[in-house]
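Numbered per full-length UniProt numbering, the sequence shown spans residues 1 to 805. Ideal Cβ positions, reconstructed from N, Cα and C, are used throughout, including at glycine. One structure below.
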Amino acid sequence: MTAFRMLDSFVLRRAGFALSLIDGLGCPRTAAALREAHLWGERAEEARARLLRQVVPEEVARLRASGDPGEPGSRAALRALSRLRSRLGRRTRAGLPPGDWSPALTGGHRAWTEALEAADREVARAGGLLAEEEPEAAARLLALTGRADVREAIFLLSPDFLETLVRRDLGTESQAGRTARDRALERRVYAFAQRLAAKNETTSFFGPICFGRVDPEAETAGRSPETPSGVVHRAAFFAFWAAAAWGRAAAQIPAVRRALPPRRLPVAVVEDTRATIPGRPPVELDATAVALLRAADGTRTPGELSAALGLTPEETARRITALERALLLRRDLEPSSTTVHPLRDVVARLPDVPEARRFVTAAADMEALLERFAEETAVPRRTKILAAAEELFESVTGVPARRNQGRTYADRFILFEDCRADDEPLIWPAATARRVENALDPVLRLGLTGGHAQRDGLRAIAAEVLAGAGGSLPFLEFADALAARLAEGVFEPVLDTWGRWRTALLDRFLAASDGRRAHLDPHQVEDLIDAPEGSFFVSPDVMVQKDDDAPLVLGEIHPYVFAWGLQGVFAPDPDRLARDIAPVLDVWGGTGRAATVLHRRQHKGLVGEAYPGRFIEVAGRAGAGPERRLAVGDLRAVLRDGEPELVGPSGPISLYVGEDDHPHLRVFAPVPVDFPRLRAGAHTPRLLLGDLVVQRERWDLPAGGLADIVAAEGRLDLFRAVTATRERLGWPRHVFALSPSETKPVYLDLDVPQAQEQLRVLAAAGPLAVSEMLPGPGELWLTRSAGPHTSEFRVALVGHIQATP
1 MTAFRMLDSF VLRRAGFALS LIDGLGCPRT AAALREAHLW GERAEEARAR LLRQVVPEEV
61 ARLRASGDPG EPGSRAALRA LSRLRSRLGR RTRAGLPPGD WSPALTGGHR AWTEALEAAD
121 REVARAGGLL AEEEPEAAAR LLALTGRADV REAIFLLSPD FLETLVRRDL GTESQAGRTA
181 RDRALERRVY AFAQRLAAKN ETTSFFGPIC FGRVDPEAET AGRSPETPSG VVHRAAFFAF
241 WAAAAWGRAA AQIPAVRRAL PPRRLPVAVV EDTRATIPGR PPVELDATAV ALLRAADGTR
301 TPGELSAALG LTPEETARRI TALERALLLR RDLEPSSTTV HPLRDVVARL PDVPEARRFV
361 TAAADMEALL ERFAEETAVP RRTKILAAAE ELFESVTGVP ARRNQGRTYA DRFILFEDCR
421 ADDEPLIWPA ATARRVENAL DPVLRLGLTG GHAQRDGLRA IAAEVLAGAG GSLPFLEFAD
481 ALAARLAEGV FEPVLDTWGR WRTALLDRFL AASDGRRAHL DPHQVEDLID APEGSFFVSP
541 DVMVQKDDDA PLVLGEIHPY VFAWGLQGVF APDPDRLARD IAPVLDVWGG TGRAATVLHR
601 RQHKGLVGEA YPGRFIEVAG RAGAGPERRL AVGDLRAVLR DGEPELVGPS GPISLYVGED
661 DHPHLRVFAP VPVDFPRLRA GAHTPRLLLG DLVVQRERWD LPAGGLADIV AAEGRLDLFR
721 AVTATRERLG WPRHVFALSP SETKPVYLDL DVPQAQEQLR VLAAAGPLAV SEMLPGPGEL
781 WLTRSAGPHT SEFRVALVGH IQATP
């Protein structure tokens, strides 16, 4: 019986375009010729090495043994051999001088020169083939931009780039006389195309959201019929950053600002008559100021505060202004970081004053444009709607409607679109769920073992910090004190212990490796598992392969409940989803203890108002009622029975997640499932544990590690360098490459010239990690009418581990 049980609801994430979108963009005959040239080059190198190591020394020995080395003929022969050896060492081609040479030398020299000549012929043939294939492949690549669905996707990702494509009409332009600028544009087209056809991201119709469920009565997996667009529902949303700009513009108007409910900065710590903001000197307050500060929860207007505190409106206004100057109070229209409709949130909180009405009217116009944008799919009309929305936005806010141009994963525009896929209802039989549980269980228990070791080490250090402070500290002070202790290196022994455990796990895999694959049975790592007691939650990505007998493939492991973020908004049966997810609350001790730290939203948000616990406001504002909001400044870290505990005004708190780079959060969150990244140096084989690929085969290259590729001049030279690297390192044709210059891995078909150019750009940016594509193009599970699609399942599991009797 497994420790982890999969919940009945799950999500399918898939590319909206089939991988066939980017088939046919390679130069296969060129690639074959260059592989043949590389093989001949290797044979030449083997012949050269044999000449240097064996044949030439033996020839020297034969000459010396056969006569007087002082004879003119012998001296000339020895000098000729010396020159030959020098040229061989420098890899300089040289003919064999006339002489009475042994068959070993003449045969070895012939093998070397013939292999070099064969390599030259293949390279020359590859050059001719590339001249034929590359323009045709580039034309096919550019022709993709003439497809209506591709243009729509590019429009949603980068309207500016679509405008460039429209201007140049790349889909029909002749390829004669292509320039370096043309090739750079082709590389950019490939970058968009690989994102559309090889990435499982939640974005519009090319990354639709699809919910599935486990059906105990089903015998096989099933899904609904396809629609022409691949989706059944579109929704357009106003971006958070744009709503924030809308609110700032309104709040800058004095009459609006005066009427706004003030709210205490969440980071302000109020103790007796002293208030403190991190990084600033304490502020001494009188009793009335303290009462006002505590009452200012962002929902009460100045008039309501006056009535509640028994102050005149003038006195209330004066005191609010003074507390604002001390940075303890704020009057703003910051949208909620937990709502999927931040503009509506801003409008709902606008005061009823004449100066605010134009913002309300403009917001209604913007909502109408959003509705039209979701309903209209034709790019020309959508372009006009977007232009109207951007013009309206800029007229209201005075802020440019586009930002962060060129970044792949960023909230760049004032709106975005998400869609529900046509696959729903996606059904799994119970047997599939049990297979997933069985495959994941040993990996998750290993992850708990690693997470437990680090969390317990952090908690021990936190207990020391609190003990030294008398057993209690304001949470923000505790965070600083813990960071200071960690900066002294006190966590290093914990990391050393964890590192030895990780190394032992890696060694166990490597001992079973054939150089490319390392397969262990779960029982072979049981002695490395020391998972803690308790209840735990985890949400991994799992890929299913086409062959039923092929192992599952593990993607990322997430700590987040997908039902509590934006994805949950698209659930076809929200009540059923809530029932399915309800058991996870036990991990945090129920809604009374569960709380999540709310930073200011950056994009779509990982946690929304569906989250049933409380929100700890730091930089973000929660849209929930006051009873579900906590100011981080009101929290304390305390030592209770020797253990650190986080408490708020109403009792103990268990944090939703403890982020890796925030140790003060990890102390008070459940043990994370932290399966370690295992690296065996420059090359790590594919790692399999039972029925699960836990890591794809991977190559880690330092900065400058692909110097030949970066330095290659011309397409043929680059193709040769990529081919040589593939043969030398054992790369498959289809890989993903991750560079510091990119947020996410880039899919590369290494037979495609534009992908090779992309590889060169990534390699020039610094260190590079290259991993195999798995499942590969022929192994993809999801097949639709257009062909196989990349896809992954995000599942949710709850673990219950009891002490061993």
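* For the candidate residues 644, 721 and 398, whose alpha-carbon lies nearest to that of residue 474? -> In the sequence shown, the residue the question calls residue 474 occupies position 474. Checking every option, the nearest Cα to that of residue 474 belongs to 644.
* **Pairwise C-alpha distance: residue 595 and residue 671** => As a working mapping, residue 671 is identified with position 671 in the sequence shown. As a working mapping, residue 595 is identified with position 595 in the sequence shown. Rounded to the nearest angstrom, the two C-alpha atoms are 15 Å apart.
* Asked: Taking all protein chains shown into account, do 16 or more other C-beta atoms lie within 10 angstroms of the C-beta of residue 269, making it buried, or fewer, making it exposed?
  -> For the purposes of this step, residue 269 is taken as residue 269 along the sequence shown, with counting starting at 1. Flag for residue 269 reads buried.
* Under three-state DSSP, which class holds residue 92? -> By one-based count along the sequence shown, residue 92 stands at place 92. Coil.
* Asked: Could you check where the alpha helix (DSSP H) with residue 61 kicks off and where it finishes?
  -> By 1-based counting over the sequence shown, the position of residue 61 is 61. It spans 56 to 66 - the alpha helix (DSSP H) in which residue 61 sits, taken as one unbroken run.
* To do: Compare the beta carbon distance of residue 563 and residue 577 with 8 Å and say whether it is the shorter of the two.
  => The residue labelled residue 563 in the question sits at position 563 within the sequence shown. The residue labelled residue 577 in the question sits at position 577 within the sequence shown. Yes.
* Of the residues 314, 400, 233 and 303, which one's Cα is nearest the Cα of residue 249? -> By one-based count along the sequence shown, residue 249 stands at place 249. Minimum Cα distance to residue 249 is reached at 400.
* Alpha-carbon spacing of residue 544 relative to residue 584, whole angstroms -> For the purposes of this step, residue 544 is taken as residue 544 along the sequence shown, with counting starting at 1. For the purposes of this step, residue 584 is taken as residue 584 along the sequence shown, with counting starting at 1. Residue 544 and residue 584: Cα-Cα distance of roughly 25 Å.
* Asked: Looking at the structure shown, is residue 802 part of a helix, part of a strand, or coil, going by DSSP?
  -> On the sequence shown, residue 802 is found 802 positions in, with the first residue counted as 1. Correct three-state label for residue 802: coil.
* Asked: By Cβ distance, which residues of its chain are closer than 7 Å to residue 38, with the 5 residues on each side in sequence left out?
  -> Position 38 of the sequence shown, counted from the first residue, corresponds to residue 38. Correct list, in chain order: 723, 724 and 727.
* Asked: Is it a yes or a no for the stretch 130 to 148 touching the stretch 184 to 191, going by three-plus beta-carbon pairs under 8 Å?
  -> yes
* Determine the direct distance from the alpha carbon of residue 26 to that of residue 501, and round the result to whole angstroms. => Numbered from 1 along the sequence shown, position 501 holds the residue referred to as residue 501. Numbered from 1 along the sequence shown, position 26 holds the residue referred to as residue 26. Rounded to the nearest angstrom, the two C-alpha atoms are 44 Å apart.
* To do: Report the three-state DSSP secondary structure of residue 402 (helix, strand or coil).
  => Your numbering for residue 402 matches position 402 in the sequence shown. Reduced to three states, the DSSP call for residue 402 is coil.
* Measure from the alpha carbon of residue 375 to the alpha carbon of each residue in 525, 237, 292 and 508, then state which is nearest. => Along the sequence shown, read from residue 1 onward, the residue named residue 375 stands at position 375. Considering only alpha carbons, the answer is 237.
* Taking Cβ positions, are residue 798 and residue 4 nearer each other than 8 Å? -> The residue labelled residue 798 in the question sits at position 798 within the sequence shown. The residue labelled residue 4 in the question sits at position 4 within the sequence shown. Closer than 8 Å, so yes.
* To do: Return helix, strand or coil for residue 11, following the three-state DSSP convention.
  => Residue mapping note: residue 11 aligns to position 11 of the sequence shown, counting from 1. If DSSP states are grouped into helix, strand and coil, residue 11 belongs with the strands.
* Are three or more beta carbon pairs between the stretch 189 to 200 and the stretch 17 to 25 nearer than 8 Å? -> yes
* **Cα-Cα separation between residue 171 and residue 146, rounded to whole angstroms** => Position 171 of the sequence shown, counted from the first residue, corresponds to residue 171. Position 146 of the sequence shown, counted from the first residue, corresponds to residue 146. With a pLDDT of 46 at residue 171, under the threshold of 50, the modelled position of this residue cannot be trusted; read the value that follows with caution. For residue 171 and residue 146, the distance between alpha carbons rounds to 5 Å.
* Proximal residues to residue 642 (C-beta, below 7 Å), its chain only, five neighbours per side dropped -> The residue you call residue 642 lines up with position 642 of the sequence shown. So the list reads 463, once near-sequence residues are dropped.
* Tell whether a beta-carbon distance below 8 Å holds between residue 687 and residue 440. => Stepping through the sequence shown from its first residue, residue 687 is reached at position 687. Stepping through the sequence shown from its first residue, residue 440 is reached at position 440. No.
* Check whether the Cβ of residue 236 lies closer than 8 Å to any Cβ atom in chain C. => Within the model displayed, chain C is absent; a lone protein chain is all it includes.
* State the Cα-Cα distance for the pair residue 330 and residue 296, rounded to the nearest angstrom. => By 1-based counting over the sequence shown, the position of residue 330 is 330. By 1-based counting over the sequence shown, the position of residue 296 is 296. Between residue 330 and residue 296, the C-alpha separation is close to 9 Å.
* Asked: What residues in its chain sit with their C-beta under 7 Å from that of residue 175, if we drop five residues either side in the sequence?
  -> For this step, residue 175 is matched to residue 175 along the sequence shown. With a pLDDT of 48 at residue 175, under the threshold of 50, the predicted position of this residue should be treated as unreliable, and no value is reported.
* Asked: Taking the runs of the beta strand (DSSP E) that are 3 residues or longer, which of them lie wholly in the stretch 541 to 588?
  -> 552 to 558
* Segments of 4+ residues assigned as alpha helix (DSSP H) that fall wholly inside the stretch 744 to 771 -> 753 to 764
* In angstroms, rounded to a whole number, what distance separates the CA positions of residue 46 and residue 731? -> If you number the sequence shown from 1, residue 46 lands on position 46. If you number the sequence shown from 1, residue 731 lands on position 731. C-alpha separation (whole angstroms): 22 Å.
* Asked: Using the rule of at least 16 other Cβ atoms within 10 Å of the residue's Cβ for burial, across every protein chain shown, is residue 1 buried or exposed?
  -> On the sequence shown, residue 1 is found 1 positions in, with the first residue counted as 1. It is exposed - the Cβ of residue 1 has fewer than 16 other Cβ atoms within 10 Å.
* To do: Could you check the C-alpha separation between residue 704 and residue 779 for me, to the nearest Å?
  => The sequence position of residue 704 within the sequence shown is 704, counting from 1. The sequence position of residue 779 within the sequence shown is 779, counting from 1. Their Cα atoms are separated by approximately 33 Å.
* **At least three beta-carbon pairs within less than 8 Å, the stretch 626 to 635 to the stretch 260 to 274** => yes
* Close beta carbons around residue 658, own chain, < 6 Å, minus the five adjacent residues each side -> If you number the sequence shown from 1, residue 658 lands on position 658. Here the set comprises 665, 666 and 669.
* To do: Confirm, please, whether the CB-CB distance from residue 637 to residue 466 is below 8 Å.
  => By one-based count along the sequence shown, residue 466 stands at place 466. By one-based count along the sequence shown, residue 637 stands at place 637. Taking 8 Å as the Cβ cut-off, residue 466 and residue 637 qualify as a contacting pair.
* **Three or more C-beta pairs below 8 Å linking the stretch 310 to 326 and the stretch 217 to 235** => no
* **Close beta carbons around residue 476, own chain, < 6 Å, minus the five adjacent residues each side** => Sequence index remark: in the sequence shown, residue 476 carries index 476 (1-based). Cβ within range, chain order: 278.
* Do the CB positions of residue 746 and residue 768 come within less than 8 Å of each other? -> Locating residue 746 in the sequence shown gives position 746, counting from the first residue. Locating residue 768 in the sequence shown gives position 768, counting from the first residue. Not closer than 8 Å, so no.
* Asked: What is the residue span of the beta strand (DSSP E) that residue 211 lies within?
  -> Numbered from 1 along the sequence shown, position 211 holds the residue referred to as residue 211. Note, residue 211: beta strand (DSSP E), 204 to 215.
* Asked: Where do the ends of the beta strand (DSSP E) carrying residue 776 lie?
  -> Within the sequence shown, the letter at position 776 stands for residue 776. Neither: residue 776 is in no beta strand (DSSP E) and is coded neither H nor E.
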